[in-house]
Amino acid sequence: MTKLYLTRNPRVAARNLDGEMMIMSGRDSTLFTLNKTATILWQSADGNTPLSEIVEQRICSEFAVEPARALQDAETLARELASHEILKISDQPIGQESSVDGEPR
Amino acid sequence: MSGLLEEMAAKALRLNIPLNVQLDLTYRCNERCVHCYLDHDDHGEMTTAEIKHLLDEMADAGVFILTLSGGEIFLRKDFFEILEHARRLMFCVKLKTNAVLIREREAARLLDLGVESVQISIYSHRPEVHDAITLVPGSLKRSVDAIRFLKAHGLKVIIANVLMTENMRDYNGVRALAAELEVECTLDPTVTPMMDGNRSTVSLGVDQSELRQVFRDASLVGDVDEFCAIPAGPGENELEATPCSAGHTACYVSPYGEVFPCVQFPFPTGNVRRQRFVDIWRHSDQMNEVRSIRVRDLTTCTSCTHVSNCTRCPGLAYMEGNMRGPSSQDCEKSFARTGVPSANMLAKKRVAANLVQIRTLPASASIRASATGAIA
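Going line by line, the protein sequences match chains S and G.
Quick note: the first sequence, position 101, residue 101 per my numbering, numbers continuous.
Each position in the second sequence, counted from 1, maps to that position plus 1000 in my numbering.
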């Protein structure tokens, strides 16, 4: 399986509201809230850690899920977040391309 | 407000989180709008470091929507440094500006930094009217050119038009200009008193007949009958409601670090130069006083027909002398909408009647006065 790398889209706005991640799309100002798994992906999306490692270290350790299934679900979720331009995904590590290097809070 | 944003606002209210903050970076301005509520001198603005520190504190406190305004924000030489820091903290940043200083380069930078929207004041589509309000010749052209630069870069632009007697005839022209530029347009018939309490600017606002005309323009309000319907009066839930978001999920910070419940509500609650932002937000007695007020606590307004759908602004009421009292400008709006005077208007009328007692003179006195020519 190809490795997948995720990074936060620097054009979005984001805030953690009591454990619930609020994200506003930079494309059209649509507001999203992320569930727990999506929040983990968002927080771990540093462009250098492969999705498989995020799933293994952050998702499987927290939720009792079978690793292969968890990775498949996480990949679907990551692609969905990418389709809304919340995350950027690539099969290569991703460097920061904007002057805004977001710090999630 | 979108459904999800409403949900988030309700959650922020429950958790006492200041979701929405307006930060004025400066009161200095390159325009001199006749209706402006600010004093444009610099009395010691926060430094770049102070503002960055404040932004860090705001992010930690949970602020999500950050409106940077002024004065004219682009007059601060460190504006882009501040904006860059704000976006690094992932605020949803909205800008309010006259845009006179925005050119191609600035527009490109705003896009790169992921600004959510840029609100630009346009008072008329005619230079002779707009420039007479800003008191800067050529300002309409500069602002409209800026809108084109911003749009060309794909930024969301909102034209904000404050309605006054001077530009009353031009609001449809501004809307047509907005349509041509493919940007949103808002219209606000409220002229705010100056922050020091001087109310001279209020007289520039539209009068009752002009307000009535605006409120009956279906292209603005939609269903006129519904918009102008006489309200049914408050239910129990409405009396328990909070008057507005000021101090509940929103607040305002001046260029000098003073924290107020809202830009239109100059009730001092603390200063970030002396206290942490979150401590002012959570523990200031003044902020908590504002927060404690429910609709049922309002003097006069609770007995008013309009209380359930009045636009009453607690800040304007405060500037009239009582944050629990009515805001006369909003009473005027309710009256213009429905033709029914507010409880405040009726009370004032009674007071006026008691102060000026005009009594009929006895018949003999009247004849005597006429005979001497004292009464024409």
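For each residue, glycine too, the CB sits at the ideal point set by N, CA and C.
Because the structure is a prediction, the values reported are computed rather than measured.
Please return the same chain residues whose Cβ sits closer than 8 Å to the Cβ of T1201/G, not counting the five positions on each side in sequence. The beta carbon of T1201/G lies closer than 8 Å to those of V1034, H1035, C1036, Y1037, V1191, T1192, P1193, M1194 in the same chain, with the five residues before and after it left out.
Taking contact to mean at least 3 C-beta pairs separated by less than 8 Å, is the segment 1048-1061 of chain G in contact with the segment 1275-1291 of chain G? Yes: the two stretches touch, three or more of their Cβ pairs being nearer than 8 Å.
What residue from I1017/G, R1087/G, R1142/G, E1007/G has the CA that sits closest to N1030/G's CA? Ranked by Cα distance from N1030/G, the options I1017/G, R1087/G, R1142/G, E1007/G are led by R1142/G.
Go to Y1171/G, then tell me how far its alpha helix (DSSP H) extends in each direction, as first and last residue. For Y1171/G, the uninterrupted alpha helix (DSSP H) segment begins and ends at 1171-1181.
List, in chain order, every chain S residue whose beta-carbon is nearer than 9 Å to that of G1062/G. Chain S residues near G1062/G: R15, N16, L17, D18, R105.
Could you say if the segment 1205-1221 of chain G and the segment 1334-1343 of chain G meet the contact criterion of at least three C-beta pairs nearer than 8 Å? In short, these stretches touch, since the Cβ pair count reaches three.
Cross-chain neighbours of I1017/G in chain S, by beta carbon under 8 Å: Contact of I1017/G with chain S by beta-carbon distance below 8 Å involves L17, D18.
Would a check of beta-carbon distances place T39/S closer than 9 Å to chain G? Answer no: the Cβ-Cβ gap between T39/S and chain G never drops below 9 Å.
Classify S1117/G as helix, strand or coil using the three-state DSSP reduction. For S1117/G, the secondary structure class from DSSP, reduced to helix, strand or coil, is strand.
Nearest-angstrom Cβ-Cβ length linking R58/S and I40/S, presumed shorter than 8 Å: Confirmed, Cβ separation roughly 5 Å.
Which residues in the same chain as A1160/G place their Cβ atom closer than 6 Å to its Cβ, once the five residues preceding and following it in sequence are excluded? In the same chain as A1160/G, and ignoring 5 residues on each side of it, the C-beta atoms closer than 6 Å to its own belong to Q1119, S1121, T1186, in chain order.
Just confirm the distance between the C-beta atoms of V1396/G and N1167/G, as a whole number of angstroms; I'd bet it's less than 8 Å. Here chain G has residues from 1001 to 1376 only, and residue 1396/G is not among them.
Please report whether the beta-carbon of C1251/G lies at a distance below 9 Å from any beta-carbon of chain S. For C1251/G, no CB of chain S lies under 9 Å from its own CB, so it is not counted at the interface with that chain.
Looking at the strands, I want to know which residues DSSP matches up with R8/S. Paired residues: L87/S.
Chain-ordered neighbours of E1116/G on chain S, where CB pairs are closer than 8 Å: In chain order, A13, M24, G26, S29 make up the part of chain S whose C-beta sits under 8 Å from the C-beta of E1116/G.
Quick check: T7/S and L81/S, are their CB atoms within less than 9 Å of each other? Not closer than 9 Å, so no.
Give, in chain order, every residue of the segment 1148-1165 of chain G whose Cβ lies closer than 8 Å to some Cβ of chain S. For the segment 1148-1165 of chain G, the beta-carbon criterion of a distance under 8 Å to any beta-carbon of chain S is satisfied by K1156.
Which runs of the alpha helix (DSSP H) at least 4 residues long sit entirely within the segment 1065-1096 of chain G? Give them in chain order. Counting only runs of 4 or more, we get 1079-1088.
Closest by C-alpha distance to R1105/G, when choosing among A1347/G, S1308/G, P1189/G, F1074/G: Out of A1347/G, S1308/G, P1189/G, F1074/G, F1074/G has the C-alpha closest to the C-alpha of R1105/G.
Could you tell me the distance, in whole angstroms, from the CA atom of A1178/G to the CA atom of I54/S? Whole-angstrom Cα-Cα distance: 47 Å.
Counterpart residues of N1271/G in DSSP-defined beta bridges: DSSP, once it has assigned bridges, lists E1258/G as partnering N1271/G.
Just to make sure I have the definition right: I need the residues of chain G whose C-beta is within less than 9 Å of the C-beta of T33/S. Which are they? By Cβ distance, chain G contributes L1004, E1007, M1008.
Should G1205/G and Q1264/G be called a contact, given that it needs their Cβ atoms to be closer than 9 Å? No, Cβ-Cβ distance for G1205/G and Q1264/G is not below 9 Å.
Which class does N35/S belong to by DSSP, given the choice of helix, strand or coil? Of the three classes helix, strand and coil, the one that applies to N35/S here is coil, per DSSP.
Where does S1284/G land, buried or exposed, given buried means 16+ other C-beta within 10 angstroms? It counts as buried.
Return the residues of the segment 1078-1111 of chain G that lie within a Cβ-Cβ distance of less than 8 Å from chain S, sorted by chain order. So the close ones are E1084, R1087, R1088, L1089, M1090, F1091, C1092, V1093.
Does the distance from the C-beta atom of V1272/G to that of V1259/G stay below 9 Å? Cβ atoms of V1272/G and V1259/G: closer than 9 Å.
So, with DSSP's three-state summary, where would you put C1033/G? C1033/G: coil per DSSP, three-state reduction.
Taking 6 Å as the limit between beta carbons, can you name the residues of its chain near K1096/G, skipping five residues before and five after? Only residues of its own chain outside the window of five on either side were considered, and among them S1069, Q1119 have a CB closer than 6 Å to the CB of K1096/G, listed in chain order.
Does any residue of chain S have a CB that is nearer than 9 Å to the CB of A1012/G? Interface criterion met: the Cβ of A1012/G is under 9 Å from a Cβ in chain S.
Short CB-CB distance (under 9 Å) between A1059/G and chain S: At least one CB atom of chain S sits nearer than 9 Å to the CB of A1059/G.
I need the DSSP call for G1138/G, collapsed to helix, strand or coil. It is coil, neither helix nor strand.
Is Y1318/G helix, strand or coil by DSSP? When DSSP states are grouped into helix, strand and coil, Y1318/G belongs to the helix group.
Range covered by the alpha helix (DSSP H) that runs through L1211/G: Residues 1208-1215.
What's the call for A1371/G, buried or exposed, on a 16-neighbour Cβ count within 10 Å? Only weak support is given to the placement of A1371/G: the predicted model assigns it a pLDDT of 37, under 50, and the value that follows is read from those uncertain coordinates. An exposed status is given to A1371/G, since fewer than 16 other beta-carbon atoms sit within 10 Å of its beta-carbon.
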